[in-house]
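Asker:
Numbering (UniProt numbering), first residue to last: 1 to 358.
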């Protein structure tokens, strides 16, 4: 059910919906950027989860963020109903001409329908092939080739009914001046000045991580005059413990940590001013790619085609090139096993050197 919308159609108010994790939100920015370029006078709003707001809050092309707080349900059914109705009313009162639903949840589909927008675009997911999903959208885009496409390319397909040019639409991460000032202050307090490399070895999922011993060996082999190493991580206790263990194994005197001390926009500022970023498959890796900071990304059994860093200034090192990996769909995400173990330290060092010596 894909019909072309007349070329004369010029929306005044556009809503983009995506209800996923931090990295997913960053990968919606090419859609926002392409819409802004095609309709520079249109107001573009986004519906997203409260905790992912930092990924988009400084984007200059976004007018407003509608937020869903996943803690609503913990405060009782009536509180949740009240908040959901308030959200729907805010969306209806915005009088959207177009709603682009990039999500696959029933909730996002229902909100799309209740928006009363004349143009309601979504994806024809196989698992959503039913009357309700069709009722909520009047333009559905095939997902048949999703397996061969990067997530950015998947998202951009949603613009096809509008005939919006998508070539060159970048992933973008924005932050405020005060975010860089805050990051600079943290660097100064740690005695970091001049060139530095950001290494984020952690992920919310252990199976995406490299061994602590290999991270420490990498840090030690990058020891050179005038180059400091800054470790980062989320404030999660498990990630903080991993950073502490890595530091205990290091001999490089020019390594420090800002783990758990930065907001996401402050982390973006830190990465933006770094000489190099090294990390695993995570939101900060996507941030580095968006900021065009040289990036060495370590991948294991995740869908590389869909989640590799988007852009040209990146080097991916995939554990599957060194040994067999299980299918991404078979992974127990709660496992403590680290599937990146086959990646040798010397190859990551060589990749890092290729950027540092350029």
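The C-beta atom is built at its ideal place from N, Cα and C for all residues, glycine as well.
Taking its Cβ as the centre, do 16 or more other Cβ atoms sit within 10 Å of residue 77, making it buried, or is it exposed?
Answerer: Taking the chain shown and counting its residues from 1, one reaches residue 77 at position 77. Counting Cβ neighbours within 10 Å, residue 77 comes out exposed, since fewer than 16 surround it.
Asker: Pull the bridge partners of residue 360 from the DSSP assignment, please.
Answerer: Residue coverage of the chain in this structure runs from 1 to 358, which leaves residue 360 outside it and unanswerable.
Asker: Are residue 80 and residue 68 close, meaning C-beta to C-beta below 8 Å?
Answerer: Taking the chain shown and counting its residues from 1, one reaches residue 80 at position 80. Taking the chain shown and counting its residues from 1, one reaches residue 68 at position 68. Not a contact, by the Cβ cut-off of 8 Å.
Asker: The beta strand (DSSP E) that contains residue 64, what's its start and end?
Answerer: Counting from 1 along the chain shown, the entry for residue 64 is found at position 64. Segment 62 to 68, the beta strand (DSSP E) holding residue 64.
Asker: Would you check if there are 3 or more beta carbon pairs closer than 8 Å linking the segment 145 to 153 to the segment 40 to 57?
Answerer: no
Asker: Is it buried or exposed for residue 132, if we count other Cβ within 10 angstroms and need 16 for buried?
Answerer: As a working note, residue 132 is residue 132 in the chain shown. Exposed.
Asker: Could you tell me if residue 95 is buried or exposed, where buried requires 16 or more neighbouring beta carbons within 10 angstroms of its beta carbon?
Answerer: Counted from its first residue, the chain shown places residue 95 at position 95. Label assigned to residue 95: exposed.
Asker: Closest to residue 53 by C-alpha separation, out of 89, 173 and 124, would be which residue?
Answerer: The sequence position of residue 53 within the chain shown is 53, counting from 1. Taking only the C-alpha atoms, the option nearest residue 53 is 173.
Asker: Grab me the residues of residue 340's own chain with a C-beta within less than 6 Å of its C-beta, minus the 5 sequence neighbours each way, in chain order.
Answerer: In the chain shown, residue 340 corresponds to position 340, counting from 1. Excluding residues within five positions, the ones whose Cβ falls inside 6 Å are 210, 298, 300 and 319.
Asker: Going by C-alpha distance, which of 296, 113 and 358 is nearest residue 347?
Answerer: Here residue 347 corresponds to residue number 347 of the chain shown, with the count starting at 1. Selected option, being the one with the closest Cα: 296.
Asker: If you run the structure through DSSP and keep just helix, strand and coil, what is residue 45?
Answerer: The residue labelled residue 45 in the question sits at position 45 within the chain shown. Residue 45 falls in the strand class under three-state DSSP.
Asker: For the segment 82 to 154, which segments carrying the alpha helix (DSSP H) assignment without a break, of at least 4 residues, lie completely within its bounds, in sequence order?
Answerer: Look at the segment 82 to 154 and you find these whole runs of alpha helix (DSSP H), each 4 residues long or longer: 106 to 114 and 131 to 136.
Asker: In the DSSP assignment, the beta strand (DSSP E) including residue 13 goes from what residue to what residue?
Answerer: Position 13 of the chain shown, counted from the first residue, corresponds to residue 13. Run containing residue 13: 13 to 17, per the beta strand (DSSP E) assignment.
Asker: Would you say residue 243 and residue 257 are within 8 Å of each other, going by their C-beta atoms?
Answerer: For this step, residue 243 is matched to residue 243 along the chain shown. For this step, residue 257 is matched to residue 257 along the chain shown. Result yes, Cβ atoms of residue 243 and residue 257 sit closer than 8 Å.
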